[in-house]
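The sequence shown begins at 0 in numbering that gives the first Met the number 0 and counts up one residue at a time. All residues carry an ideal CB built from backbone N, CA and C; glycine is no exception.
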Amino acid sequence: MIYLDNAATTKPSPEAVAAAEHAMTVCWGNPSASYKPGRDAKSLLEAARASVARALGGKTEEVIFTSGGTEADNQALIGAATKQRHRGRHIISSLTEHEAVLETLKYLKAEGYDVTLLPPEKDGAVSLSAVEEALREDTILISLMLVNNETGAINPVIQVSSMLKDRGSIALLHVDAVQAFKKIPFSIRTLGADLVTISAHKIHGIKGAGALWVKNGVKLNPFIYGGGQEGGSRSGTEAGPAIAAFGAAASIEFNKNYASLRQILVNELPEAVFIGEGTAAHINCLALPGCKAEVLASYLDSIGICVSRGSACAKGRRSHVSTA
């Protein structure tokens, strides 16, 4: 089998599987407990947190573990919007965001927030000028993905951050970096974001763990209430095995050969039309003239090659990214 849908999920690495097994068989205690099994589980949890923080270029105390990227997006948007509602109710995002962001924004709109969704340019990314034109005095939050999960388009989040500082805006900047983390080089500090979402199963970890990086000093309302785990930010007993695997996966160097692999694809498929320019090399959106996507995907599956016609999270529906 040739698996070419790593934007949907990745095969867990041996290191991640070993870390998860160790957490399940050795460090299986509740990390909130004070006895030894609990302390062992807590140590494993904090080691994973440190690993993820290092990979991001942030501080350990800035990493909040969640159940995945979707929960982290929800926590970022709802937590920031409700915390900042006394300062304004305007939110800016784009039409090509992941459903985890778009559906959460629908919820916030129903709760009385004013949401502006920007269309992409021809290259698939949102323009800096469009963000600046949409910015208002009551804008409290901007949410943009760093790399689009279908086209690989890279949004100008660094430039947006600089613009917000130049304008003296109160808006927080949330970046969904699920498809960028460990795939393209970036540091949390150079992004200039206040909130960053990442996911374990996109980097050869296992499903069930994600993280929200929250810049020191940024305050969010809790999204899940209960026992006050994760420093009071996210209640619920942490998923030790998934988080341990996350830490192991985050410590592995990312693949630097994406550009050369893409060039092989371009050379071998001269008739293909590649969508977007200047996109991240690990995500390739292309069309073969005269060939329907569903027919091609079905044929490739029959000969052991796995490709996707769009986001796995939008199965059965037309891609909102392609129609934007």
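Given a cut-off of 8 Å on the beta-carbon distance, is the pair residue i and residue j in contact?
i, j, result
"Leu76", "Thr103", "yes"
"Leu190", "Val156", "yes"
"Gln74", "Phe180", "no"
"Gly239", "Ala22", "yes"
"Ser50", "Ala249", "yes"
"Gly277", "Cys284", "no"
"His203", "Lys10", "yes"
"Asp175", "Glu96", "yes"
"Arg30", "Ala15", "The amino acid at residue 30 is misidentified as Arg; the sequence shows Pro. No, these two residues do not count as a Cβ contact at 8 Å."
"Gly209", "Ile197", "yes"
"Gly270", "Leu295", "Note that residue 270 is Glu in the sequence shown here, rather than Gly. Taking 8 Å as the Cβ cut-off, Glu270 and Leu295 do not qualify as a contacting pair."
"Leu172", "Ala192", "yes"
"Gly78", "Leu268", "no"
Assuming residue i contacts residue j under a Cβ cut-off of 8 Å, what Cβ separation, rounded to an integer in Å, is found between them?
i, j, result
"Leu117", "Val130", "7 Å"
"Gly235", "Ala46", "Between Ala46 and Gly235 the Cβ distance is about 20 Å, and since that is not below 8 Å, they are no contact."
"Ala6", "Ile282", "6 Å"
"Tyr112", "Ile90", "6 Å"
"Leu140", "Ala80", "6 Å"
"Ala280", "Ala258", "4 Å"
"Cys334", "Ile1", "With the chain running from 0 to 323 in the structure shown, residue 334 is simply not present."
Judging by CA-CA distance, which residue of the options is the nearest neighbour of residue i?
i, options, result
"Lys201", "Gly67, Trp27, Ala296", "Gly67"
"Val195", "Asp300, Val294, Phe64, Ala286", "Phe64"
"Glu149", "Gly303, Ser92, Leu3, Leu299", "Leu3"
"Arg88", "Ala109, Thr69, Leu94, Glu70", "Ala109"
"Thr115", "Gly225, Ser92, Gly37", "Ser92"
"Pro119", "Phe273, Arg188, Asn154, Asn215", "Asn154"
"Ile187", "Lys35, Met0, Ala52, Ser12", "Ala52"
"Gly123", "Thr138, Glu132, Ala152", "Ala152"
"Glu136", "Lys121, Gly167, Gln158", "Gly167"
"Glu98", "Asn266, Phe273, Asp72, Gln228", "Asp72"
Which residues mark the beginning and the end of the beta strand (DSSP E) in which residue i is found?
i, result
"Asp113", "113-117"
"Leu356", "Outside the shown range of the chain (0 to 323) lies residue 356, about which nothing can therefore be said."
"Asp165", "That residue, Asp165, is in no beta strand (DSSP E); its alpha helix (DSSP H) goes 156-166."
"Ala210", "209-213"
"Thr69", "Where Thr69 is concerned, there is no enclosing beta strand (DSSP E), although the alpha helix (DSSP H) it sits in stretches over 68-82."
Which residues mark the beginning and the end of the alpha helix (DSSP H) in which residue i is found?
i, result
"Ser93", "No alpha helix (DSSP H) holds Ser93; the beta strand (DSSP E) holding it covers 89-93."
"Ile242", "239-249"
"Val125", "No alpha helix (DSSP H) contains Val125, which DSSP labels as neither H nor E."
"Val195", "No alpha helix (DSSP H) contains Val195, which is instead part of the beta strand (DSSP E) from 194-198."
Would the beta-carbon of residue i be found less than 7 Å away from any heavy atom of the ligand NAD?
i, result
"Thr95", "The model depicted lacks the ligand NAD and carries no ligand whatsoever."
Should the stretch 26-36 be called in touch with the stretch 250-270, which here means at least 3 C-beta pairs below 8 Å? no
If contact is defined by three or more beta carbon pairs under 8 Å, each pair taking one atom from either stretch, is the stretch 138-153 in contact with the stretch 54-61? no
Three or more C-beta pairs under 8 Å: does that hold for the stretch 162-180 against the stretch 123-142? yes
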